[in-house]
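See below for the structure under consideration.
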DNA sequence: CACAAATTTTAGCCATGGCAACAAATTTGA
DNA sequence: TCAAATTTGTTGCCATGGCTAAAATTTGTG
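Protein chains in written order, with my numbering: chain A, 1 to 152; chain B, 153 to 304.
Structure (structure tokens):
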């Protein structure tokens, strides 16, 4: 009766399992790349700001042990995003550098968008850090348009 | 010269390490609870929609194997969010139910906010799934206010 | 230069959440 | 009823990203 053919019945009924599985799959994927993105982004920032990126810096800025940093770096190296030689400072590969640029852009858009709808600076910074990895290109474009329209 | 005393120099310089570590720490925390939140939310939805929540449903909707579901359920049980007996359908504890309610509210706010700034339905659904776990209470309030102001 | 301090690496531990394969219980239906 | 199908549970594997502790290397100072 009041049931539209194949429409989402909103509220509780989560609709088609496959669709939902795809969504969660996306989130899991995003999660996979989160660490990599955070690392290349910070490495790029450190190189720009201090001329080099060292394990200590990453460990203090991420708030994890240097052992953890080392493990992640080993993976990023394996995946061709970071190039490093023992006991020397860290570098990004071309691929890593490209990824860093994209991430930084995205981060900035999310941050600016949050600011422009009225989120206080420090909170926007925190939220952007978590949110940036989960925002689609489409949504990002909408954020960008909103910023442009409302700026100053 | 155009350098204000102790201000964030924007762009590349990531500012104080401790602050930054706190931010990443928050993201890690959020991540910790993500799985739990997704599970209780879906369990609640399934119970509402179909009268019960079974391992098969979770596995097909999350798109993971039932072995994985079982493992997570064991943890949630240990943590007092889910109550279950062997070979029977799953239930939420009071605590689990409360968490589910909070998550559902949050999910809906994020989803509606995205819709209200012009994100298409299916994309909003995907993005909300990933974003919801990383939005602070403050930002959520701002989302909510925006929705109210722009609704209809 | 030599040695102490700082940094980096390694090793070994843990929990989580993936998986496949197999085992057990329950439901179904002929 | 009872065999087959489905559902659930268990086991053992893997990778990731946490940790501490100890070893190795580099750095810097006296």
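Each residue gets a CB set at the ideal place from its N, CA and C atoms; glycine is no exception.
Cα atoms of residue 39 of chain A and residue 239 of chain B: separation of roughly 43 Å, rounded to the nearest angstrom. Here residue 116 of chain A has 146, 147, 150, 151 as same chain residues with Cβ atoms under 8 Å from its own Cβ, once five neighbours each way along the sequence are excluded.
Not flagged as an interface residue toward chain B: residue 39 of chain A, since no C-beta distance is shorter than 8 Å. Residue 275 of chain B reaches chain A at 136, 138, 139, counting residues in chain order whose Cβ is nearer than 8 Å. By the neighbour-count definition (other C-beta atoms within 10 Å, threshold 16), residue 136 of chain A is a buried residue. The segment 21-90 of chain A is shown to contain whole alpha helix (DSSP H) runs of 4 or more residues at 55-62, 66-78, in chain order. With fewer than 16 other Cβ atoms from the protein chains shown falling within 10 Å of its own Cβ, residue 254 of chain B counts as exposed.
In this structure, residue 171 of chain B keeps its C-beta atom at 8 Å or more from the C-beta atom of residue 194 of chain B. The beta carbon of residue 218 of chain B sits closer than 6 Å to those of 207, 211, all from its chain and outside the five residues before and after it, given in chain order. Rounded to whole angstroms, the Cβ separation of residue 89 of chain A and residue 53 of chain A is 6 Å, and the two are in contact under 8 Å. Close CB contacts of residue 251 of chain B within its chain, under the 7 Å cut and outside five residues either way in sequence, are with 189, 192, 233 (chain order). For the segment 214-247 of chain B, the set of positions with a beta-carbon nearer than 7 Å to some beta-carbon of chain A reads 214, 215 in chain order.
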